[in-house]
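J.: Next up is a structure, given as structure tokens.
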Amino acid sequence: MSSRIPSITAAASILFAAACAEIAPTPPAPVHEAARAIAVPAPAVPAEPADPAAFVGRGAREVAEMLGEPRLKRRDPPAELWQYRAKRCALDLFFYAGRDNALTVRHAEVRPREAPFAECLERIRNGGG
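If you read the sequence shown in the working numbering, its first letter stands for residue 1235, the second for the next number, and so on.
Printed below as a string of structure tokens:
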């Protein structure tokens, strides 16, 4: 048994030295130039409303940026009505203040109801013609 101790000690020393040895990192695989490009998301643009209900949840600033100033603003606490008019239609947006006092659309409708919304919206944006 005494003859085995030096060989076991030698084997343990070799394993210990191997464990402490520095392992060279594997070089990275070459990357094609096109793969290096990083996709950058487009800036957030308010989605085009598909119908009057699409305005619900939008803030006053966002609506004003989309449509400009309304022809009529009427305050009837707790609501505020913004009315946009075109030659053959009108868009009514009813805002209410949230907990942070910011105005948010809670109800929207176009009149007359049978007016095509996209056409009405385009007319409003072009000055009501």
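Ideal placement from N, C-alpha and C gives every residue a C-beta, glycine not left out. Model, not experiment: these values are computed from the prediction.
From L1337, R1333, T1338 and L1315, pick the residue whose C-alpha is nearest to that of V1344; which is it?
T.: Minimum Cα distance to V1344 is reached at L1315.
J.: Sort out for me which residues DSSP pairs E1343 with in a bridge.
T.: Bridge partners of E1343: D1326.
J.: Could you compute how far the alpha carbon of P1346 sits from the alpha carbon of L1306?
T.: P1346 and L1306: Cα-Cα distance of roughly 17 Å.
J.: Cα separation between A1298 and G1332?
T.: Those two C-alpha atoms are separated by around 18 Å.
J.: State the DSSP-derived secondary structure class of R1305, mapped to helix, strand or coil.
T.: Of the three classes helix, strand and coil, the one that applies to R1305 here is coil, per DSSP.
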